[in-house]
Each structure stands twice: as structure tokens, then as C-alpha cells.
Amino acid sequence: MTAALSYDAVLADRDAIMRASVGIDYQQYVTGVLAFDYERLLADTGYDIPRTQAVQSRTGVGNTPLIELHHITALVRSLSAPGKGARIFVKDEAANPSGSFKDRRASLSVCEAQHRGYEGVVAATSGNYGAAVASQAAKAGMRCIVVQEAFDSQGIVQPEIAEKARACEAYGAEVIRLSVGPELFYVFLCVLKETGYFNASLYTPYSIVGIETLGYELAGQVQQHTGRFPDLVIATHAGGGNVTGTARGLRKAGAVDTTVVAASVDLAGLHMASDRDFNRKSFTTGHTGFSMPFTTWPDRADVPRNAARPLRYIDRFVTVTQGEVFYMTQVLAELEGLERGPAGNTSLAAAFSMAQELNADQIVVIQETEYTGAGKHPLAQLNLAKQMGVEVRRGDPRDNKPGQRIVIPEHPSQIVLVDVDLEHVRRSYVHHALESTHVEQPLSEIDLEFLAAETRSSRAYVEEVANEWHRTTG
Amino acid sequence: MAEYIEKGTWVEIHRIVLPGGQRAPQVPVETQQVPLEMRVKGFLAERSCLGDEVEIVTLAGRHLRGLLTDVNPAYTHSFGSPVPELLTIGREVRMILGETRGGG
């Protein structure tokens, strides 16, 4: 019976529950105090691009259309200097069976779970991933349980999450809806322990390798369409899987010079575990409340080692405001005839700003859309925001203040992304890594190399940051 | 007299997982004060009344217990009213593109 086991007892049993439910012995990949063999962890899944495509095509996952956004590109050019204004394309991932790119992540997890003889799968997610796992499990004839953070202490349900619960139930999954708080993980562990089901975590190697086909496909589609690889691919960034898998797929397609941009909605000032802030965010994912902590320390996930390691792949990390995303969602519908989102529209807002800096012959790709509908639509989110006392008005998006004021631009020229200082993020990552070791001795050679690879820096840089950290923490 | 709900009816149960004051140490104070609540839907295992402690059989076939709080619970999420702050955006950007349609 769910959560009949005590909190402390279950958390103490965490490692054993994880081992049994993921079917991966992460210990075998450890190579240092901090270091582990990331590439071998992913390679050992046994899935290369053709094998992943074969699994995904069995359930109609992937091969989604690439659509050029001609009118939005024209709008960009109307605001750009002469010769500027890149062509913008979008990969219409809403065409996947459950309506988002998350089907790619779920497909390999469910396939593996079935192959290994698990009776069912469990996923801790309030997002599209739950519907994706439920859809794949339905097709595989497996049982499925989704654990959501769904409502606040007043019983007010976040409408986007309500829609995800409905979708999961439509696919025949059990949905456990919880109020706000990180102890969701405790309930999740209880369910894994009681059922013995597979942990279809967002952060297993299967979940990341499954996204590689997205980057691989879009590189090929852009090349076929335009004769070249994209100059820039923008991925909406939360837990890091989308960026990681897409970038890996681009590289496997040969698009090694494509700039990979991570884009998040700026939710600065709101606390992710706050019962009060929960229904004042207006975005359930793709925001800095996830992307900052997961970029600066990926191993806070629900598996021992996170296969999503965004800092290894991000060339640029940018934020946009809530109001800018709502504005661009409306523009996408009215200029391009695509009613989508929210998720990909964070990238769209960033692309709109970024394309103005690029030359007119360059190509920007927004690498996902998602299905929209009741609960997910800007109307639902803005009506909830107003109900919660958040001001909604037109104006300068610089005045946007998460939880207090959503400012929807008055003119498209006001959409201006903000760059996140990647140097600061790298430094923060190294600090978290050092804090996690609880070891005083200097790092080994292999750990230094690992941290340099993790942060796309150098050994000298890692040593400098580590020395500084040791000096200041005494 | 309380109305009975028949066995096999699609219902929702509610349970307190962690009481207020016994939350994880890292949660902010406003979360710390309130309980961690759980709601799950399933088929009622025995004829019962609202507010009873009951057992349900979930869509995954699991047997869970909790207080019976809702019968055939509705999906109430919606779009809501049109939002005036979004209504004119299409017209505005079409005007920038030099088009005249859309009542501008």
C-alpha cells in the first residue's frame, strides 16, 4: 500500500530500490572519486541510431515534419539590420503519438522494461513524459503508474498538469496526484518498492539515447531542404535531457559545427518547493527553476548518475520572459497556423530574438513543438495567473516579474533574450561536484579530466576553481 | 441518511502522506506547515459512502486505501475566458508585415 512505509526507512533503502528498478549497476562505471565513464554508460544500452529508429518506428515515434516559419522569419527581418534575419524552422514533434518529443524518451525505456521482464513501468513526472510512458506502455501491454506533483494546499490544480493526468488516464495509466513538495520522491520510491516495476526515469541512458534520433533527423531534414546543416539549434531546457540527446544526435549526423542553444523561461525568485509559488509560475517546465539546478548539478536526479549532462553540450544558454513566450505562442498560431505548446515556444521566443543577430542565409531550428489544448494553452495559464493575483498586462517585457507580473510585449522588437553567464554556471558545477565528494584530498588525474569534460573547459580551469573553492571553504 | 456508492464505481480517494510539520527539512516554511496530500482514482472495491475509509482498484490493478472524496470525478481544466492581452497580437504583427486583413 503506497506510502505505508516510513519516510526515513524508504530513503535509507533508496540505493537498493534504484538498483532493482533501473536494472543498471551504476557502480561499474565509477572511475574516480567523482568520475564515471559517461560514454560507456550510454554505449552499453546497445542502442545506436538505426536500432533506436527501429524501436521507435514500431510505435510511430519520430520522423516528424520540419516546417519553415516563413512569416515569423519575415517578421524577424522587418526588425533586423539589412542582410540580417536567419531562416527559422521548427521540428513539429507534436506529431508524435502522445503529442510531444517525450515519446522518443519513453520508447526505449518501455522497450527495455518489457525486454527485461518487468510487469510495469513507473515515472515521476508532471509533464508530457507521463503521457508518453503511458502511451508506450499501453502499446506494449504493460502496466503504468505516473506520480505527479499536481495541486497546492488549497486544492487548486495546475491546469497543464491536470491535462497531463487526463492524458495518462486516457492511456490506461494509474495517476498518483500529490500536493507540492520534493517528498514526491518518497512516494515514487514506495511505488517502485511495492510494485517491483521498472523506473522509467527521465534520466536513464535509455531516456537520453532515445532523443538522439531527434537531432539526427533534424540535421538530415535541414540538409535535404537547404543543402546545409543548421547553424543553430535551440532546445527548451529544463532537466537537461532535451539538450543532451539532441546535441548528441546532431553530432552523430555529422552536424558538428551547429551551435547548440539551451533556452529556459526565467522564473527567478520563485521557489520550486513552495506551496505558495506553485500556481504562480504559469510554466510547469522549460524554466530556470529546473534548468539552473540541473545544469549546475545533474546528479540530483532520480537515478544514481544522470545521463542528461547539459553542460557537456551547451554552446549558449539563454532565458526569455513568461510574457515573451505567451506573445510568441500567439504569433505562431496567427502567422503560421500552428497552435502548439507551451514547451517549444520558449525556444521560439529565443529564436525570434537570436535570428535578428544572424545573417539572412543562416538557419535556426526550434527542435520541438508539443500538442496544446485545455489546460496547456496560454488562456488557461493566464486565467489561472489572474485568479492567483498575478497581474497580466501589455508592456515592456523587462518589467516581467515571475509570480507578480506577466508583461506581454507591445511590439515584437521588445523580445530580447538574456544570456546566462556560462562561466558562472561552470564554476557552480565544479563547486557542487566538490561539495558532493566530502573528501579533503586533491582530486585524481581522472577526476580532473572528468570535470574538464563535464564543463567543456580544461584541467587548468578545474584546478583553479577547485583551489579557490578549497581556499574559501577552508 | 448517507447515500451508498456501489462497488465498481469510478471514484477518487484522498490520503495524507506526511502531516504538516513532518515534511522534509529542505522545504520552505509555507510548504512545511501543510500536509503532503495524495489523490488517486480507481474502481470502488466495496459499496461505501462518501467520507468512508475505502479500498479502490486502480487502472494499474493495485489496491489502495484512503478516504472516499469524489464519485466519477470530473476533468474540469479548461481554456477559460479569452484573454484581452492576447487578442490583438495577431492583428498587430500582420500590420507590421504590411498586411491589411484582420480588422486592423
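Protein sequences appear in the order of chains A and B.
Quick note: the first sequence uses the numbering used here, first residue 8, plus one each step.
Quick note: the second sequence uses the numbering used here, first residue 16, plus one each step.
Where a beta carbon is used, it is the ideal one built from N, C-alpha and C, also for glycine.
The model shown is predicted, which means the values in this text are computed figures rather than measured ones.
Contacts that residue i makes with chain A (C-beta to C-beta distance below 9 Å)
i      : result
E68/B  : Per Cβ cutoff of 9 Å: no residues; E68/B is ~12 Å from chain A at best.
L65/B  : The premise fails here: L65/B is roughly 16 Å from chain A at the closest Cβ pair, so nothing lies under 9 Å.
L112/B : H78, A81, L82, S85 and L342
Burial state of residue i, where buried means 16 or more other Cβ atoms lie within 10 Å
i      : result
R47/A  : exposed
R475/A : The question names Arg, but residue 475/A in the sequence shown is Glu. Classification for E475/A: exposed.
C64/B  : exposed
V469/A : buried
I104/B : buried
M8/A   : Here M8/A scores only 49 on pLDDT, less than 50, and its place in the model should not be relied on; the value that follows carries that caveat. Per the 10 Å Cβ criterion, exposed.
H294/A : buried
Q37/B  : exposed
V437/A : buried
Q388/A : buried
G117/B : For G117/B, the predicted model reports a pLDDT of 46, less than 50, meaning its position is unreliable and no value from the coordinates is stated.
A89/B  : exposed
Q165/A : buried
K22/B  : exposed
Y19/B  : exposed
L225/A : buried
N103/A : buried
T292/A : buried
P72/A  : exposed
N135/A : buried
Proximal residues of chain A, C-beta to C-beta of residue i below 7 Å
i     : result
T46/B : V187, G188, A280, S281 and D282
T84/B : Result: empty, since nearest Cβ-Cβ is about 10 Å, beyond 7 Å.
V26/B : The premise fails here: V26/B is roughly 13 Å from chain A at the closest Cβ pair, so nothing lies under 7 Å.
G95/B : L386, A387 and N390
Residue i: contacting residues in chain B (beta-carbon distance under 8 Å)
i      : result
Q337/A : L101, I104 and G105
P385/A : V98 and L101
G179/A : L74
R184/A : M53, R54 and V55
G127/A : A75
A173/A : It should be pointed out that residue 173/A corresponds to Arg in this sequence rather than to Ala. By Cβ distance, chain B contributes Y90 and H92.
A176/A : One detail in the question is off: residue 176/A reads as Glu in this sequence, not Ala. Residues of chain B passing the Cβ test: K56 and L74.
I95/A  : Within chain B, no residue comes near I95/A; the closest Cβ sits about 14 Å away, beyond 8 Å.
I24/A  : Result: empty, since nearest Cβ-Cβ is about 17 Å, beyond 8 Å.
Neighbour list for residue i in chain A, Cβ cutoff strictly below 8 Å
i      : result
V108/B : L82, V338, E341, L342 and P419
Closer than 9 Å at the beta carbon, the chain B residues around residue i
i      : result
E170/A : Y90 and H92
V194/A : V32, L51 and M53
E100/A : What E100/A touches in chain B: nothing, since even the nearest Cβ is about 22 Å away.
E346/A : The contacting residues do not exist; E346/A stays about 11 Å from chain B at best.
S133/A : In chain order: nothing, as chain B lies at least about 13 Å away.
R112/A : Those do not exist, as R112/A stays about 20 Å from chain B at its closest Cβ, beyond 9 Å.
F453/A : Rather than Phe, the amino acid found at residue 453/A in this sequence is Ile. Simply none; closest approach about 32 Å.
Whether residue i touches residue j by CB criterion (8 Å)
i      : j      : result
V310/A : T59/A  : no
I321/A : E219/A : no
Q374/A : V240/A : yes
Q128/A : A207/A : According to the sequence as given, residue 128/A is Val; it is not Gln. Their beta carbons are under 8 Å apart, which means V128/A touches A207/A by this criterion.
L355/A : I111/B : no
Q329/A : F290/A : yes
R235/A : L318/A : no
F96/A  : I74/A  : yes
M149/A : V187/A : no
V49/B  : S160/A : yes
F297/A : G246/A : yes
V140/A : R111/A : no
A75/B  : C151/A : yes
Under 7 Å from the C-beta of residue i: neighbouring residues of chain B
i      : result
T166/A : Reading off the sequence, residue 166/A comes out as Pro, not Thr. Those are H92, listed as they occur along chain B.
Y14/A  : L33
Y334/A : I104
S160/A : V49
Chain E residues whose Cβ lies nearer than 8 Å to that of residue i
i     : result
R38/B : No chain E is part of this structure, whose protein chains are labelled A and B.
With three or more beta-carbon pairs closer than 8 Å as the criterion, would you say the stretch 246-255 of chain A touches the stretch 293-309 of chain A? Cβ pair count under 8 Å is three or more, so yes.
Any chance the stretch 361-372 of chain A sits against the stretch 87-94 of chain A, with 3 or more Cβ pairs inside 8 Å? Yes: at least three Cβ pairs fall under 8 Å.
Using a Cβ-Cβ cut-off of less than 7 Å, list which residues of the stretch 280-314 of chain A approach chain B; keep chain order. In summary, the residues of the stretch 280-314 of chain A whose CB is separated from some CB of chain B by less than 7 Å are A280, S281, D282 and R283, in the order they occur in the chain.
Check whether the stretch 193-210 of chain A and the stretch 321-341 of chain A touch, using three or more Cβ-Cβ pairs below 8 Å as the test. As far as the Cβ criterion goes, the stretch 193-210 of chain A does not touch the stretch 321-341 of chain A, which means the pair count is below three.
Going along the stretch 371-384 of chain A in order, which residues come within less than 8 Å of chain B, judged by CB to CB distance? Within the stretch 371-384 of chain A, the residues whose Cβ lies closer than 8 Å to some Cβ of chain B are A381, G382 and H384, listed in chain order.
Contact between the stretch 37-44 of chain A and the stretch 446-462 of chain A (3+ Cβ pairs under 8 Å): As far as the Cβ criterion goes, the stretch 37-44 of chain A touches the stretch 446-462 of chain A, which means the pair count is three or higher.
Which residues, in order along the stretch 420-441 of chain A, keep a beta-carbon less than 7 Å from a beta-carbon of chain B? Contact residues of the stretch 420-441 of chain A toward chain B are absent (C-beta to C-beta distance below 7 Å).
Could you list the residues in the stretch 389-403 of chain A with a C-beta less than 7 Å from some C-beta on chain B, going in chain order? Answer in chain order: L389, N390, V399, R400 and R401.
Quick one: which residues of the stretch 58-82 of chain A get their C-beta closer than 8 Å to a C-beta of chain B? List them in chain order. Taking 8 Å as the Cβ-Cβ cut-off against chain B, the residues of the stretch 58-82 of chain A that qualify are H78, A81 and L82.
Between the stretch 158-171 of chain A and the stretch 73-92 of chain B, are three or more C-beta pairs nearer than 8 Å? Judged by Cβ distances under 8 Å, the stretch 158-171 of chain A makes contact with the stretch 73-92 of chain B, as three or more pairs qualify.
Cβ contact check for the stretch 381-400 of chain A and the stretch 268-281 of chain A: 3 or more pairs under 8 Å: Contact between the stretch 381-400 of chain A and the stretch 268-281 of chain A is absent, with fewer than three C-beta pairs closer than 8 Å.
Residues, ordered as in the chain, of the stretch 144-158 of chain A that lie near chain B by beta-carbon distance below 9 Å: Residues of the stretch 144-158 of chain A with a C-beta less than 9 Å from any C-beta of chain B: R150, C151, I152, A157 and F158, listed in chain order.
Check whether the stretch 252-271 of chain A touches the stretch 405-420 of chain A, counting contact only when three or more Cβ pairs, one atom from each stretch, lie closer than 8 Å. Three or more Cβ pairs closer than 8 Å define a contact, and the stretch 252-271 of chain A falls short of that threshold against the stretch 405-420 of chain A.
Which of the residues in the stretch 208-233 of chain A, read from start to end, lie with their CB under 8 Å from any CB of chain B? Cβ contacts with chain B: none found.
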